[in-house]
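Visitor:
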Amino acid sequence: MPCVDTDPAVTLRIPAQGAYVVLIRAAVSAMCARLDFTIDRIEDIKLAVDEAAALLLSDALGDASLEVRFTPDAPDGLRVTMACPTVHGRRLARDSFTWTVLTALVDEVVATVAPDRTLTIDLAAHRSEAVRP
Amino acid sequence: MTAAGDPPAARDADAGQPGGRPDPAAPDADATPEPETRWSARDRARERELLELIASLDADDPRRVAARDEIVTMHLPLAGFLARRFRDRGESVEDLTQVATIGLLKAVDRFELDRGVEFSTFATPTMVGEIKRHFRDKGWAIRVPRRLQELRLAISRATAELSQRTGRSPTVAELAAHLQVPEEDILDGLESAQAYATISLDATAGDTGEDGSALADTLGGEDAALGEVEARATVHPLLASLPARERRIVEMRFYQNMTQSQIAEQVGVSQMHVSRLLAKSLAQMRTQLVEAEADAAALPG
Chain G
1 MPCVDTDPAV
11 TLRIPAQGAY
21 VVLIRAAVSA
31 MCARLDFTID
41 RIEDIKLAVD
51 EAAALLLSDA
61 LGDASLEVRF
71 TPDAPDGLRV
81 TMACPTVHGR
91 RLARDSFTWT
101 VLTALVDEVV
111 ATVAPDRTLT
121 IDLAAHRSEA
131 VRP
Chain L
1001 MTAAGDPPAA
1011 RDADAGQPGG
1021 RPDPAAPDAD
1031 ATPEPETRWS
1041 ARDRAREREL
1051 LELIASLDAD
1061 DPRRVAARDE
1071 IVTMHLPLAG
1081 FLARRFRDRG
1091 ESVEDLTQVA
1101 TIGLLKAVDR
1111 FELDRGVEFS
1121 TFATPTMVGE
1131 IKRHFRDKGW
1141 AIRVPRRLQE
1151 LRLAISRATA
1161 ELSQRTGRSP
1171 TVAELAAHLQ
1181 VPEEDILDGL
1191 ESAQAYATIS
1201 LDATAGDTGE
1211 DGSALADTLG
1221 GEDAALGEVE
1231 ARATVHPLLA
1241 SLPARERRIV
1251 EMRFYQNMTQ
1261 SQIAEQVGVS
1271 QMHVSRLLAK
1281 SLAQMRTQLV
1291 EAEADAAALP
1301 G
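Going down the list, the sequences are from chains G and L. Counting from 1, one number per residue, gives the positions in the first sequence under our numbering. Counting from 1001, one number per residue, gives the positions in the second sequence under our numbering.
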């Protein structure tokens, strides 16, 4: 079933409000299931996405949208890129609680702030445990 | 109070009392037999005596403690009765009875004799409130349909079984095959286990990322050593505020880098429960960070 290399990217755009985060979670679950991630892995990624969303929403511009892009990350991973225009354009400090949680849960975390104060959090997770095809 | 929802001690005297209406969210209590114990005039006199004693003594007076114990014991059947009204919601009656007992203790401490209300009338909503709070804290405030609760339990069992067989946590496809349900149902079931997450996200403003806290010092990373002392100082109170089991689980996941399945095995709960407790703990720590920052009122930027 998984066909990572040929899978197209999927983009989800939601209002930057907590009530819509459940949609991201559902999408994450479905994408991870498609990639044959284990339950442990899926729950970790969902926790990470929750955490990133909480951070983004805490400083989101009033009527902003949160854009979530799922990209297959060869050979066996998923990249989740979450971006939202923010009020302050704060960088994600490496000694912050959020950073700690994110780096513990996924394999790769990159956070960038664009000149227009759009904060982007990029999470990459790989299928860590060997799953028999 | 209706007859079905009537706690034993409130039976006669409180027939017309307000405040004891059956909880509309509670399942029908028709099938639940009331506790066997009859409430004699002698019991009532003893209850009165104990309550007066409790009201008159200092909190740490051993006689007060003994009186408190006795009155709690007298009303344990009521706690059990109320707990059973909430069974079949994914929590054991034993756990719920304990929760109700906590409510009972609170009721003893808060009861005012001169208000002329029967103790049981006063204690019942306190215990029910405690049980409901328990469910809310557990994340079941959103009513999860029965089908999903059963599915969740089935997934939980299957996860344990498959993990044991393969030495790793199963995939969605494997669970679906094992339980002979569509993969989508598995995803539903997993999400229902996390039903509270929508609440916690709504309820918390989230971390601003500007604070100095981190569990990072044991997680590596080039910046981890930087400000380690400060980070520890910030994160320890956060960790300390968690209940012991939650704290242990957070430490195992983030300090010892154990997987959820490994933690589940060690703590003796399901992996889904670990996941739920982790998410809840993180949300709680996040909220406290925000509050701490608001207190400090020293936000840069």
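Even glycine gets a Cβ: it sits at the ideal position worked out from N, Cα and C.
For my contact list, G:D44 and G:L105 are in at a C-beta cut-off of 8 angstroms; report their separation, rounded to the angstrom.
Guide: Numbered from its first residue, the first sequence carries residue 44 of chain G at position 44. Numbered from its first residue, the first sequence carries residue 105 of chain G at position 105. Sure, about 4 angstroms apart at Cβ, within 8 angstroms.
Visitor: Exposed or buried, L:S1281, counting other C-beta atoms within 10 Å across all chains shown (16 or more means buried)?
Guide: Counting from one through the second sequence, the residue named residue 1281 of chain L turns up at place 281. Per the 10 Å Cβ criterion, buried.
Visitor: Cutting at 8 angstroms between CB atoms, please list the residues of its own chain near G:L23, excluding the five before and the five after it.
Guide: Position 23 of the first sequence, counting from 1, holds the residue named residue 23 of chain G. Hits under 8 angstroms: L12, I14.
Visitor: Spatial neighbours of L:W1140 within its chain, please: CB distance less than 6 angstroms, with the 5 preceding and 5 following residues excluded, ordered by chain position.
Guide: Residue 1140 of chain L sits at position 140 when you count from the first residue of the second sequence. Residue confidence for L:W1140 is low, a pLDDT of 49 falling below 50, so the modelled location carries little weight and cannot support an answer.
Visitor: Which residues, in order along the region 13–35 of chain G, keep a beta-carbon less than 7 angstroms from a beta-carbon of chain L?
Guide: Correct list: G18, A19, V21, V22, R25, A26, S29, A30, A33.
Visitor: From the beta carbon of G:I45, is the nearest beta carbon of chain L less than 8 angstroms away?
Guide: Your numbering for residue 45 of chain G matches position 45 in the first sequence. No, no contact with chain L.
Visitor: Name, please, each residue of chain L whose Cβ falls closer than 9 angstroms to the Cβ of G:T81.
Guide: Within the first sequence, numbered from 1, the residue matching residue 81 of chain G stands at position 81. In chain order: nothing, as chain L lies at least about 17 angstroms away.
Visitor: Taking contact to mean 3 or more Cβ pairs, one atom from each stretch, closer than 8 angstroms, check whether the region 74–91 of chain G and the region 16–36 of chain G are in contact.
Guide: At 8 angstroms Cβ cutoff, the stretches touch.
Visitor: With a threshold of 16 other CB atoms inside 10 Å of the CB of L:T1055, please say whether the residue is buried or exposed.
Guide: Taking the first residue of the second sequence as 1, we reach residue 1055 of chain L at position 55. One point to set straight first is that residue 1055 of chain L is Ala, not Thr, in the sequence displayed. So L:A1055 counts as exposed.
Visitor: Closer than 8 angstroms by C-beta to G:S29: which residues in its own chain qualify, once you throw out the five before and the five after it? Chain order, please.
Guide: Counted from its first residue, the first sequence places residue 29 of chain G at position 29. Here the set comprises I42, K46.
Visitor: Over the uninterrupted alpha helix (DSSP H) stretch that includes L:A1176, give me the two end residues.
Guide: By one-based count along the second sequence, residue 1176 of chain L stands at place 176. Run containing L:A1176: 1172–1179, per the alpha helix (DSSP H) assignment.
Visitor: If you measure from the CB of L:S1169, is any heavy atom of the ligand NAP nearer than 7 angstroms?
Guide: Absence of the ligand NAP from the depicted structure is noted, as is the absence of any ligand whatsoever, leaving it without description.
Visitor: Under three-state DSSP, which class holds L:W1140?
Guide: The residue labelled residue 1140 of chain L in the question sits at position 140 within the second sequence. Bear in mind that a pLDDT of 49 at L:W1140, under 50, signals an unreliable position, so the number given afterwards is only what the model happens to contain. Coil, per DSSP.
Visitor: Interface residues of chain L around G:E51 at Cβ under 7 angstroms?
Guide: In the first sequence, residue 51 of chain G corresponds to position 51, counting from 1. Residues of chain L passing the Cβ test: L1282.
Visitor: Can you name the residues that DSSP bridges to G:C84?
Guide: The residue given as residue 84 of chain G occupies position 84 in the first sequence. Bridge partners of G:C84: G:L119.
Visitor: For G:G77, list the residues DSSP reports as bridge partners.
Guide: Here the question's residue 77 of chain G lines up with position 77 in the first sequence. In DSSP, G:G77 forms a bridge with G:D73, G:H126.
Visitor: Looking at chain A, which residues of the region 50–72 of chain G have a Cβ within less than 9 angstroms of any of its Cβ atoms?
Guide: No chain A appears in the structure shown, which is made up of the protein chains G and L.
Visitor: Using DSSP with H/G/I as helix, E/B as strand and the rest coil, what is G:V109?
Guide: The residue given as residue 109 of chain G occupies position 109 in the first sequence. In this structure, G:V109 counts as strand in the three-state DSSP scheme.
Visitor: Pull up the DSSP beta-bridge partners for G:E67, would you.
Guide: Locating residue 67 of chain G in the first sequence gives position 67, counting from the first residue. Bridge partners of G:E67: G:R13, G:A83.
Visitor: Shortest alpha-carbon distance to G:H88 belongs to which of G:H126, G:G62, G:E67, G:Q17?
Guide: On the first sequence, residue 88 of chain G is found 88 positions in, with the first residue counted as 1. With distances taken between Cα atoms, G:H88 lies closest to G:G62.
Visitor: Beta-carbon within less than 8 angstroms of G:Y20's beta-carbon, same chain only, minus the 5 sequence neighbours each way: which residues are those?
Guide: By one-based count along the first sequence, residue 20 of chain G stands at place 20. So the qualifying residues of the chain are I14, L66.
Visitor: Closer than 8 angstroms, CB to CB, is L:P1062 near chain G or not?
Guide: Working through the second sequence from its first residue, we reach residue 1062 of chain L at position 62. L:P1062 does not count as touching chain G.
Visitor: Would DSSP call L:A1025 helix, strand or coil?
Guide: What you label residue 1025 of chain L is simply residue 25 of the second sequence in a count that begins at 1. Residue placement at L:A1025 is flagged as unreliable, the pLDDT there being 43, under the threshold of 50; the coordinate-derived value follows with that caveat. In this structure, L:A1025 counts as coil in the three-state DSSP scheme.
Visitor: Anyone know if the C-beta pair for G:T98 and G:L55 falls short of 8 angstroms?
Guide: What you label residue 98 of chain G is simply residue 98 of the first sequence in a count that begins at 1. What you label residue 55 of chain G is simply residue 55 of the first sequence in a count that begins at 1. Cβ atoms of G:T98 and G:L55: closer than 8 angstroms.
Visitor: Identify the contact partners of L:E1183 in chain G, using a Cβ-Cβ distance below 7 angstroms as the criterion.
Guide: To locate residue 1183 of chain L, count along the second sequence from 1; it is residue 183. Chain G residues near L:E1183: A33.
Visitor: Do L:I1155 and L:L1187 count as a contact pair if the criterion is CB distance below 8 angstroms?
Guide: In the second sequence, the residue the question calls residue 1187 of chain L occupies position 187. In the second sequence, the residue the question calls residue 1155 of chain L occupies position 155. Not in contact: L:L1187 and L:I1155 (Cβ atoms no closer than 8 angstroms).
Visitor: Pull up the DSSP beta-bridge partners for G:T38, would you.
Guide: The residue given as residue 38 of chain G occupies position 38 in the first sequence. Answer by DSSP bridge pairing, in chain order: L:T1171.
Visitor: When you compare only the Cα positions, how much space is there between L:L1096 and G:M82?
Guide: One-based indexing of the second sequence puts residue 1096 of chain L at position 96. One-based indexing of the first sequence puts residue 82 of chain G at position 82. If you take the alpha carbons of L:L1096 and G:M82, they lie about 40 angstroms apart.
Visitor: Can you give me the start and stop residues for the alpha helix (DSSP H) that L:S1056 sits inside?
Guide: In the second sequence, counting from the first residue as 1, residue 1056 of chain L sits at position 56. Start and end: 1041–1056.
Visitor: Helix, strand or coil for G:A60, going by three-state DSSP, please let me know.
Guide: Walking along the first sequence from the start, residue 60 of chain G turns up at place 60. Looking at G:A60 - three-state DSSP - the assignment turns out to be strand.
Visitor: Please list the partners that L:Q1271 has in chain G, where partner means a Cβ-to-Cβ separation under 9 angstroms.
Guide: Residue numbering aside, residue 1271 of chain L sits at position 271 when the second sequence is read from its first letter. What L:Q1271 touches in chain G: I39, D40, E43.
Visitor: Rounded to whole angstroms, how far is the Cβ of L:A1158 from the Cβ of L:L1175, which I believe are closer than 8 angstroms?
Guide: Position 158 of the second sequence, counting from 1, holds the residue named residue 1158 of chain L. Position 175 of the second sequence, counting from 1, holds the residue named residue 1175 of chain L. Contact holds; Cβ gap of about 5 angstroms.
Visitor: Would DSSP call L:L1242 helix, strand or coil?
Guide: The residue given as residue 1242 of chain L occupies position 242 in the second sequence. If DSSP states are grouped into helix, strand and coil, L:L1242 belongs with coil.
Visitor: Whole angstroms are fine: how far does the CA of L:D1114 sit from the CA of L:S1040?
Guide: For the purposes of this step, residue 1040 of chain L is taken as residue 40 along the second sequence, with counting starting at 1. For the purposes of this step, residue 1114 of chain L is taken as residue 114 along the second sequence, with counting starting at 1. In a straight line, the C-alpha of L:S1040 is about 22 angstroms away from that of L:D1114.
Visitor: So, with DSSP's three-state summary, where would you put G:A114?
Guide: One-based indexing of the first sequence puts residue 114 of chain G at position 114. Note: G:A114 maps to coil in three-state DSSP.
Visitor: Is DSSP giving G:D44 helix, strand or coil here?
Guide: For the purposes of this step, residue 44 of chain G is taken as the residue at position 44 of the first sequence. Helix.
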